[in-house]
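The next block holds one structure in the form of structure tokens; read it before the comments.
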Amino acid sequence: MTNPDLGFDGKVAVITGAGGGLGRQHALLLASRGALVVVNDLGGAVDGSGSDKGAAQKVVDEIRDLGGEAVADTNSVSTLEGGAAIIATATAAYGRVDIVINNAGILRDKSFQNMEPEMVRAVLDVHLLGAFNVTQPAFKLMREQGYGRIVSTSSAAGIFGNFGQANYGAAKMGLVGFTRVLAVEGAKYNVKANAIAPLAYTRMTENLLGNLGERLDPSFVSPIVAYLAHEECPVSGEVYSVGGGRVARVFIAESQGYFNSKLTMEDVRDNF
Numbered sequence: 003m004t005n006p007d008l009g010f011d012g013k014v015a016v017i018t019g020a021g022g023g024l025g026r027q028h029a030l031l032l033a034s035r036g037a038l039v040v041v042n043d044l045g046g047a048v049d050g051s052g053s054d055k056g057a058a059q060k061v062v063d064e065i066r067d068l069g070g071e072a073v074a075d076t077n078s079v080s081t082l083e084g085g086a087a088i089i090a091t092a093t094a095a096y097g098r099v100d101i102v103i104n105n106a107g108i109l110r111d112k113s114f115q116n117m118e119p120e121m122v123r124a125v126l127d128v129h130l131l132g133a134f135n136v137t138q139p140a141f142k143l144m145r146e147q148g149y150g151r152i153v154s155t156s157s158a159a160g161i162f163g164n165f166g167q168a169n170y171g172a173a174k175m176g177l178v179g180f181t182r183v184l185a186v187e188g189a190k191y192n193v194k195a196n197a198i199a200p201l202a203y204t205r206m207t208e209n210l211l212g213n214l215g216e217r218l219d220p221s222f223v224s225p226i227v228a229y230l231a232h233e234e235c236p237v238s239g240e241v242y243s244v245g246g247g248r249v250a251r252v253f254i255a256e257s258q259g260y261f262n263s264k265l266t267m268e269d270v271r272d273n274f
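Under this note's numbering, residue 274 is the last one in the sequence shown; the count climbs by one each step, no gaps.
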């Protein structure tokens, strides 16, 4: 029988983009179950501009008011130095890192023909490279201690595509490959990596989801994130779609296919 009270007592969790939305909910849930949480958030706007150091501290204050333990971090995930500094905050405060939840994100949406190079770089820097920058120093620690859990935030926009989000979709699908490779490389060290493709009403999606906010509250997403971050989680290298109380595994399938040792272009056409 599984333990109905899954806890994180003594586990140290680094959560990026935790000053609001999904990240805040993840932080509150893990802290409520005993995790020591590093609440990272630069405090920027949806497009990544600006900063507000108060965003992370506000969530830390919420956690502490509820009896939990947390520290704030305002470094940017978008640089190697920032990623290393985030993990350094965790080790300075708590001496280790057990969990990394890559949640930080921005939007720079535009139709592909009108998308400027800077819009691509900015989104990749936060979503994809941000995950690399934070996870790599943590991964080294996890290997050494023989334990770790990594949860990254992908998106249906990457898996299935969405208009105006070539940059975002590329970054989010990149995180699927990132997750699968970490699962392979971390297997013998008890380091597991999984990803979610969430649907939730946050400031990043409020213009897209309209009046669906109540049904797509971010709190519906956090239980799967918490379970993937837990020591009892049995899977690695998987992706889960989650939103509104529903969780489903997302996977890539391959058909039986067609074989011809003398394959021609016409054979491809005729058996397409």
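All C-beta atoms in this analysis are idealised placements derived from N, C-alpha and C, irrespective of residue type, glycine included.
Just so it is clear, the structure is predicted and the values come from calculations on it, not from any experiment.
Determine, using beta carbons only, whether residue i and residue j come nearer to each other than 8 Å.
{"i": "K301", "j": "T76", "result": "No information on residue 301 is available, as it lies outside the stretch 3 to 274 that the chain covers here."}
{"i": "F10", "j": "L24", "result": "no"}
{"i": "G148", "j": "A185", "result": "no"}
{"i": "T155", "j": "I108", "result": "no"}
{"i": "L44", "j": "S78", "result": "yes"}
{"i": "R1", "j": "D100", "result": "No answer is possible for residue 1: it lies beyond the span of the chain, which begins at 3 and ends at 274."}
{"i": "G188", "j": "L218", "result": "no"}
{"i": "V14", "j": "L30", "result": "no"}
{"i": "G50", "j": "A124", "result": "yes"}
{"i": "V153", "j": "V227", "result": "yes"}
{"i": "V16", "j": "I65", "result": "no"}
{"i": "V241", "j": "V249", "result": "no"}
{"i": "H232", "j": "A173", "result": "no"}
{"i": "V41", "j": "A86", "result": "no"}
{"i": "A74", "j": "G22", "result": "no"}
Would you report the Cα separation of residue i and residue j, rounded to the nearest angstrom?
{"i": "N104", "j": "A140", "result": "12 Å"}
{"i": "V102", "j": "V183", "result": "16 Å"}
{"i": "T81", "j": "N135", "result": "6 Å"}
{"i": "E256", "j": "T266", "result": "21 Å"}
{"i": "E268", "j": "Q258", "result": "19 Å"}
{"i": "A92", "j": "A47", "result": "25 Å"}
{"i": "L90", "j": "G176", "result": "It should be pointed out that residue 90 corresponds to Ala in this sequence rather than to Leu. C-alpha separation (whole angstroms): 26 Å."}
{"i": "R145", "j": "D127", "result": "25 Å"}
{"i": "A168", "j": "T181", "result": "20 Å"}
{"i": "N192", "j": "A20", "result": "26 Å"}
{"i": "E234", "j": "G171", "result": "31 Å"}
{"i": "F165", "j": "H28", "result": "28 Å"}
{"i": "S221", "j": "P200", "result": "11 Å"}
{"i": "T18", "j": "I254", "result": "27 Å"}
{"i": "I161", "j": "M121", "result": "20 Å"}
{"i": "R98", "j": "Q138", "result": "14 Å"}
{"i": "L143", "j": "N273", "result": "50 Å"}
Any idea which residues DSSP pairs residue i with across the strands?
{"i": "N42", "result": "D75"}
{"i": "T155", "result": "I198"}
{"i": "I17", "result": "V41 and I103"}
{"i": "Y242", "result": "I198 and R251"}
{"i": "V193", "result": "G150"}
Should residue i be labelled buried (16 or more other beta-carbon atoms within 10 Å of its own) or exposed?
{"i": "S224", "result": "buried"}
{"i": "S243", "result": "buried"}
{"i": "S113", "result": "exposed"}
{"i": "R1", "result": "As displayed, the chain neither begins before 3 nor continues past 274, which places residue 1 out of reach and without an answer."}
{"i": "Y260", "result": "exposed"}
{"i": "R26", "result": "buried"}
{"i": "G69", "result": "exposed"}
{"i": "P236", "result": "exposed"}
{"i": "S263", "result": "exposed"}
{"i": "N196", "result": "buried"}
{"i": "K190", "result": "exposed"}
{"i": "V270", "result": "exposed"}
{"i": "G52", "result": "exposed"}
{"i": "A133", "result": "buried"}
{"i": "A106", "result": "buried"}
{"i": "G12", "result": "exposed"}
{"i": "G84", "result": "buried"}
Quick check on residue i: does DSSP put it in helix, strand or coil?
{"i": "I226", "result": "helix"}
{"i": "M3", "result": "Only weak support exists for where M3 lies, its pLDDT of 38 falling under 50; the coordinates are left without a value."}
{"i": "Y260", "result": "coil"}
{"i": "N273", "result": "coil"}
{"i": "N105", "result": "coil"}
{"i": "A250", "result": "strand"}
{"i": "D219", "result": "coil"}
{"i": "P119", "result": "helix"}
{"i": "T93", "result": "helix"}
{"i": "D67", "result": "helix"}
{"i": "T137", "result": "helix"}
{"i": "Q167", "result": "coil"}
{"i": "D111", "result": "coil"}
{"i": "A172", "result": "helix"}
{"i": "H232", "result": "coil"}
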